[in-house]
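What follows is one structure encoded as structure tokens, with my remarks underneath.
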Amino acid sequence: MTADKDTPLFDNGDELPSNRSDNPHINDLIEGIGRRQVIAGGIAMGILAFLGVSMPNAGMAAQANGLPKRPGRLPFAPVAVTRADIVTVPEGFQAKAFIPWGTPICGSYPAYREDGTNSAQDQAEQTGMHHDGMHYFPIDAQGGRGHNSEHGLLVVNHEYIDAPLLHPNGTTVDANGNRTVPEEVRKEINAHGVSVVEIRRTPHGDWEVVANSKFGRRITAATPMEIQGPARGHPLLSTLYSPNGTATRGTQNNCSNGFTPWGTYLTCEENWAGYFATRDSDLPRELKRYGLGTKGRFGWETLEGDEFQRFDATRKAETASGDYRNEPKHFGWIVEIDPFDPQSVPVKRTALGRFAHEGVIFAPTQPGKPLVCYSGDDSRNEYIYKYISRDKFHPGHPANSHLLDEGTLYVARFNADGTGDWLPLDIHDPLFQAACTAKGISFADQGDVLINARTAADTIGATKMDRPEWGAVHPETGDIYFTLTNNTNRTEPDAANPRASNAYGHIIRWKEENQDYSAIRFGWNIFLLGGPEDDSHGPDGAALTADNVHASPDGLWFDPEGRLWIQTDMSGSQLSAGPFGNNQMLVADPESGAVKRFLVGPVGCEVTGITATPDFRTLFVNIQHPGEGSTPSNLLSTWPDGPGKRPRSATLVITREGWRKVL
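Heads up: the sequence shown at position 96 corresponds to 94 in the working numbering, and the numbers run straight through without jumps.
The structure is reproduced here in structure tokens:
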């Protein structure tokens, strides 16, 4: 199909649960409303209207919002479930692998070697492993939005690694499982983090990496960084590397992402806790509440030398400035990166709280109004957070980044009547003070509150959620949507999720009171319940069908025309058997309630990360860990390079065939 060039395009390593509080669970609260009411309206919707936050009946969304009913919102034939080791997209579209792990992007541009013999330094100049959240910055977006759809910076997260595939014959360990080759571990450290890739569309419509780019850059788990915000200089952040607690090294486990109104990138640190080890038996709450164990996931701490010993949080000196007992507290933050300044130092923004950040999304900005953003803590029984800046946003102001340092972090309480409250995690707020007094918990200062954000949220009575992951804001209605991927720890069914455990996940949405993003009350309902045809509900209130059955919704993104793109992260038996096939990406129309499967990924992968060019002729989607668990001698997938080749995470470039019109 040929489209006019100027026409817009249609276009595992999970953290162990550590929440032992007695706060109510979201499923307990849903029970009081009833499944059909939560999904499709009814009594709860009347309550929401009373608050001035009317949530539309899903099947009548367009009329309720005063939006024109637009026909043909999902103009493609849904793809079928499959377990093939390929990427499947609808007829009329094409998907090409781009910038796979090992693509040279900076420095000396070392070529990728299929046999795993690239050095640690090579890896520091190539795209990292396991692509995740990302954003396309038009080349003219420095300091603002930008409009260039032919040339820009693609900034990509790299969540974690399959260590055996990084090396010629897997990792080298001794009889006790300890690492013995520093070069291997350095390479693994360099495969984490973020890639800044300058890309350009060729006259033929393909995309290429710009050679000798002045912007190309790797930020790794060893890159020097600054700490800003209320926790800067806090005694709980003192380490041998930074005794005054103002500097750190590296970002890792970078899952989803965000981008600021002033043109910078935000990368989010998710399942970082498993990379650290401690042999101490009496852990402080800022380690215990985050699930540290006695051995790191990859054993980096078993090597000698400061660059590796920082992953050992065992107390070894008289004071924190003599060891790395506080190093894990340097992770779990949102990190700001200026993609247009390769010499800039990334900054960890502590006002946004410390937990397993899946991503961060901004409410629509208005000049003279506070900045508002949302983030989920991706672990079972954890929480959804909201941040409101103290000062007002002013477009083009050179110091807008300070808005991320001075403000109030809130946590969500979902009430059984379909209303909700944002509870302040502010040491000076009377509500927070009263909660601390009632539970006999104290914090030294606001930095302590933010370093211990999970404990603070426990204390004030936030609602336990089923692994809050990505969020998205509807561009027309302003409703906020969040995926709740799953929670197999739940054993009691309820009216909204009548399953012994939430293995399938769902999507929740809410509207802020009076459509004011700075409000502290909201109304909520359930948009979609994932699962098989006999145990699911779509946004129209009907069961899912063969065209859209799925489980474990994860990635979430609204395109400019208000279509909701949903990506899944199934694992284990959900991938190997049953009705779902490989992980997939679907598109939902909140106006009509229609949902169609748009893409199915290769074997063992997660479909994640999504962004588009401003003209919406190119859609970028990431395929993470194809053939997860592969070793050099046992390849479970050979995507994208073909038979006999090691699987490589990569970005898909999705376009219309003929010319580049997505939807």
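All residues carry an ideal CB built from backbone N, CA and C; glycine is no exception. Since this is a predicted model, take the numbers as computed values, not measurements.
Neighbour-count burial assignment, residue i, 16 or more Cβ in a 10 Å radius
i, result
"T258", "buried"
"V471", "buried"
"Q250", "buried"
"Q341", "exposed"
"Q121", "buried"
"T348", "buried"
"Q513", "exposed"
"A544", "exposed"
"P600", "buried"
"T265", "buried"
"G57", "For G57, the predicted structure reports a pLDDT of 37, less than 50, and the residue's modelled location is therefore unreliable. A value from the coordinates is still provided. Buried, because 16 or more other Cβ atoms sit within 10 Å of the Cβ of G57."
"H133", "buried"
"T246", "buried"
"S193", "buried"
"T653", "buried"
"K643", "exposed"
"E186", "buried"
"N632", "exposed"
Contacts around residue i, its chain only, beta-carbon distance under 6 Å, and the 5 residues preceding and following it disregarded
i, result
"R452", "R287 and F353"
"A648", "A95, P98, I621 and P638"
"D272", "Sequence check: residue 272 is Gly here, not Asp. Contacts found: R295."
"L527", "H504, S534 and H535"
"V208", "E196 and R198"
"R388", "E404 and G405"
"E626", "G602"
Span of the beta strand (DSSP E), counted from its first residue to its last, around residue i
i, result
"S193", "G191 to R199"
"P130", "For clarity, residue 130 is Asp in the given sequence; the question names Pro instead. H129 to P136 is the span of the beta strand (DSSP E), which, as asked, contains D130."
"F96", "F91 to F96"
"E467", "P466 to V471"
"D419", "T417 to P422"
"R654", "A648 to R654"
"A410", "G405 to F412"
"K509", "H504 to E510"
"R519", "R519 to L527"
"L662", "Nothing about residue 662 can be reported from this structure: the residues present for the chain run from -1 to 661 only."
"L482", "I478 to L482"
7 Å CB neighbourhood of residue i in its chain, flanking five on each side removed
i, result
"D443", "I425"
"G359", "For the record, residue 359 in the displayed sequence is Ile; it is not Gly. Result list for I359: G256, C371, Y372, G469, A470 and V471, in chain order."
"H623", "H128, D160, G602, C603, E604 and S647"
"D83", "P600, V601, S635, T636 and W637"
"A109", "P102"
"A189", "Q121, G126, M127, H156, I159 and L164"
Run of the alpha helix (DSSP H) containing residue i, from where it starts to where it stops
i, result
"Q121", "A118 to Q121"
"G445", "Q444 to I449"
"R184", "P180 to N188"
"F306", "D304 to Q307"
"L717", "Limits of the chain in this structure are -1 at one end and 661 at the other, which puts residue 717 out of reach."
"E206", "That residue, E206, is in no alpha helix (DSSP H); its beta strand (DSSP E) goes W205 to V207."
Other residues of its chain near residue i: CB distance less than 8 Å, five sequence neighbours each side excluded
i, result
"S106", "E123"
"N242", "G231 and S236"
"F391", "P259, T363, Q364, P365, G366, K367, P368, L369, N398 and L401"
"T317", "S236"
"L542", "G528, G529, P530, E531, S534, H535, G536, H548 and V593"
"S440", "C434"
Contact with chain C by residue i, beta-carbon distance below 8 Å
i, result
"T543", "In the displayed structure, chain C is absent; only one protein chain is listed."
Across the segment 83 to 100 and the segment 626 to 639, are there enough close Cβ pairs to call them in contact, namely three or more that are closer than 8 Å? Contact holds: three or more Cβ-Cβ distances are below 8 Å.
Could you name each continuous beta strand (DSSP E) segment of 3 residues or more that falls completely within the segment 313 to 395, going from the start of the chain to the end? As far as the segment 313 to 395 is concerned, its whole beta strand (DSSP E) runs of at least 3 residues are 332 to 335, 345 to 347, 368 to 374, 378 to 380 and 382 to 390.
Please specify which runs of the beta strand (DSSP E), each continuous and at least 3 residues long, are wholly inside the segment 217 to 276, giving them in chain order. Counting whole runs of 3 or more residues, the segment 217 to 276 contains the beta strand (DSSP E) stretches 222 to 226, 245 to 247, 252 to 257 and 263 to 267.
Would you call the segment 556 to 576 and the segment 598 to 610 touching, i.e. three or more CB-CB distances under 8 Å? Yes, they touch.
Counting pairs of beta carbons, one from the segment 381 to 394 and one from the segment 403 to 418, are three or more of them closer than 8 Å? Short answer: they touch.
Taking 8 Å as the threshold, find out whether the segment 429 to 439 comes into contact with the segment 479 to 489 through three or more Cβ pairs. Under the three-pair Cβ rule at 8 Å, the segment 429 to 439 does not count as touching the segment 479 to 489.
For the structure I just gave you, are there three or more beta carbon pairs, one from the segment 192 to 208 and one from the segment 273 to 286, closer than 8 Å? With the cut-off at 8 Å, the segment 192 to 208 and the segment 273 to 286 do not touch.
Is it a yes or a no for the segment 140 to 148 touching the segment 161 to 170, going by three-plus beta-carbon pairs under 8 Å? Cβ pair count under 8 Å is below three, so no.
Is the segment 327 to 340 touching the segment 146 to 161, taking contact as three or more C-beta pairs under 8 Å? Contact between the segment 327 to 340 and the segment 146 to 161 is present, because at least three Cβ pairs lie under 8 Å.
Which runs of the beta strand (DSSP E) fall wholly inside the segment 548 to 619 and span at least 3 residues, in chain order? Correct list: 551 to 556, 562 to 566, 582 to 587, 592 to 598 and 604 to 610.
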